[in-house]
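In our numbering, the protein residues as written are 2 to 644. Below is one structure, written out as structure tokens; the observations come after it.
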RNA sequence: GCCGACGUAGCUCAGGGGUAGAGCGUUUCCUUGGUAAGGAAGAGGUCGUGGGUUCAAUUCCCAUCGUUGGCUCCA
């Protein structure tokens, strides 16, 4: 009997029932059969060698396909487990899934402490096993048999996993001497795994729960061709060069001091220059949108945070209160600006005519982050938010959201973040009791976010249950050089604080009403934003942000006077820079300016000094010719406009 | 906070039970050179900190602080 297989191009092939995806690939071409790794059958990823018994749609997956990679890496994880079991008898296996950039396997090594020095040995074993050309064989097993197998093998983790599975949907995969509980799918044979590299070893709790045993997680990556591995490793090298911690040091933007404390960045002059320019940029954008700047202190009485509710929730795990010498007063370093801003709101009674009230502050806050979480500028204990709180009526929510989205988009486009994700976090509809605020208001707010994002054609993902207890939110995420995802801007609706601080305004009906509050920070924190920006630009900041925009490079000491004159002239046009007066040759000065990523170099010697000119060289581009000083200013302004 | 790794000159790193080394940077001198590294000489380190073992510790052990890879958390 024949069945009909529909391929992605719409063509239909009739093949005998029980044919496999590999059979079909072979019938198309031998070459194709060699590169396919798995197949999508009716939208489910299957083994290539699993028989297809009914009419189906089929798309063949190669390593280049996302799902193909997953299959390949999943099979590699099994190979890793096989190698480890061979080398370390008696180990217990956790789980071994594929991830975005490879795979890992969680292992309980018992008393042995596995270290990366053992990678080589394991890699060799994996290669040896791969070259045995073993098939990955799928078998369906009953729950009883599955339990029997792993009881015999004394593998508690697998047994725990089986407990959660239903009889009839349990499958084993076997390659060589190694059998694993696995849903699959897998590649047909170990021989296609040609290049293997183990990358790191780390600890991970069984099932991600810190009450459980800590397992050793071994990360690796593998490829069907050796060349692909080399390319991948090069890419990782490149990413490392963009690491903001490294560039921050090299370009002298910021530093940390053990004496000052972990997670407390010290901004060096050049980093400060960038940061201040970003703040000026944001201030201007906010003034245009009707924000008012305020300034509030770095500490506040403990009672302030008791009122806000934060003390109950975070008090124990925060920096502890500062005590005054004589009275029994306790102050906390502010972990956020909103309670202060609520008090600003209460300064005098408000009328509906004053709403929306938008209070902005570059507010520095301190949070006691867990020590293991600290990371360069992206996760610190003291940071400055480009914070603002918008107090408005429920009906104004949507318009305010649209306005903030526009502001975020303005920031992203000015700074070239074209790849980001926007996440809408809503309530878990099944657990409405977990959230504060009326049903009616929640629905209004959630609708406002959804409508605002669609009005601005934002591509979003919606996560139910991810909302804060006090309101829904919209977050913007971007990835760093190493592919880790970080949250930047955020817009959050808050019903809680207006309640707790008993905020109100007089409506047109002459009655008191409760305002809604929106927390928003387009950059998120200055620290994290600049960290991401460093990686995004690789340290080649846009001209308007560069700490030093031009380097004046005199050919010899004779032209120092003229160089100073050039720099002063440019300073008058708000162009910043330096003169390199070292007793070095011009080639050397150029090299150093290029390495420190100064966007524009001005070479001046006899020819330039005589005619009030500069020879212009652009970072990464080279010589662009001679300009009179005045023409250079125009040229510079054109460069600025092009950004 | 948990598990692992690491901590040697300003930076990147080598070394190793008998009180330390390279390259780059820095300083001084020579060189005044036209588009990515001119030459020479010098300075610079209680080997993160505190204990322990030892005749002797920077090296081995323990603790602590910091950094880092993950895990958990994130107002």
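The beta carbon of each residue, even a glycine, is placed where N, CA and C say it ideally should be. As the structure is a prediction and not an experimental result, all values here were calculated from the model.
Taken in chain order, the whole beta strand (DSSP E) runs of length 3 or more contained in the segment 121-175 are 138-142. The way I'd put it, the segment 450-465 does touch the segment 389-402; three or more beta-carbon pairs between them come closer than 8 Å. Counting other Cβ atoms within 10 Å of its Cβ, residue 236 stays below 16 and is therefore classed as exposed.
Counting the other Cβ atoms within 10 Å of the Cβ of residue 45 gives fewer than 16, which makes it exposed.
Exclusion of the five residues before and after residue 167 leaves 144 as the residues of its chain whose Cβ lies within less than 8 Å of its Cβ. Look at residue 547 here: in three-state DSSP terms it is coil, with no helix or strand label.
Per DSSP, reduced to three states, the secondary structure at residue 327 is coil, with no helix or strand assignment.
Within 10 angstroms of the beta-carbon of residue 103 lie 16 or more other beta-carbons, which makes it buried. For the 7 Å CB-CB criterion, residue 492 and residue 521 form a contact.
Bridge pairing for residue 274: absent [DSSP]. Cα atoms of residue 342 and residue 292: separation of roughly 13 Å, rounded to the nearest angstrom.
Beta-bridge partners of residue 6 (DSSP): 14, 57. In this structure, the alpha-carbon of residue 440 lies about 58 Å from that of residue 131. Taking 7 Å as the cut-off, the Cβ atoms of residue 472 and residue 494 count as close. Under the DSSP assignment, residue 493 falls in the beta strand (DSSP E) whose first and last residues are 486-495. Taking C-beta separations shorter than 7 Å and ignoring five residues to either side along the sequence, the partners of residue 25 in its chain run 6, 14, 16, 59, following chain order.
Here residue 107 is buried, its C-beta having at least 16 other C-beta atoms within 10 Å.
Counting along the chain, residue 448 sits inside the alpha helix (DSSP H) bounded by residues 440-456. The three-state reading of DSSP puts residue 601 in strand, counting E and B together. Following the DSSP letters along the chain, one finds residue 538 inside the alpha helix (DSSP H) bounded by residues 527-538. The residues 303, 331, 332, 333, in chain order, have a CB closer than 8 Å to that of residue 322 in the same chain once the five nearest residues on each side in sequence are set aside. For the options 178, 66, 209, 9, the alpha carbon positioned closest to that of residue 158 is the one of 209. The criterion of a C-beta distance shorter than 7 Å is not satisfied by residue 176 and residue 152. Excluding sequence positions up to five before and after residue 353, its CB lies within less than 8 Å of the CB of 394, 506, 507, 508, 509, 514, all in the same chain and listed in chain order.
In the displayed model, residue 413 falls within a helix according to three-state DSSP.
Runs of alpha helix (DSSP H) with 4 or more residues, each lying fully within the segment 550-595, are found at 561-572, listed in chain order.
Spanning the alpha carbons of residue 140 and residue 173 requires a straight line of approximately 5 Å. Residue pairing by DSSP places residue 615 opposite 628 in a beta bridge.
For residue 520, the three-state secondary structure derived from DSSP is strand. Between residue 72 and residue 186 the beta-carbon gap is near 6 Å, inside 8 Å, which marks them as a contact. In this structure the segment 596-606 touches the segment 545-565; the number of beta carbon pairs closer than 8 Å is three or more.
Taking all protein chains in view, the Cβ of residue 608 is surrounded by fewer than 16 other Cβ atoms within 10 Å, so the residue is classified as exposed. Assignment of beta-bridge partners to residue 393 by DSSP yields 517.
Taking a cut-off of 8 Å for Cβ pairs, the segment 456-475 and the segment 416-424 touch, as three or more such pairs fall below it.
A check of alpha carbon separations from residue 40 across 64, 79, 30, 18 identifies 64 as the nearest. Excluding its 5 nearest sequence neighbours in each direction, residue 463 has C-beta neighbours in its own chain below 7 Å: 425, 427, listed in chain order.
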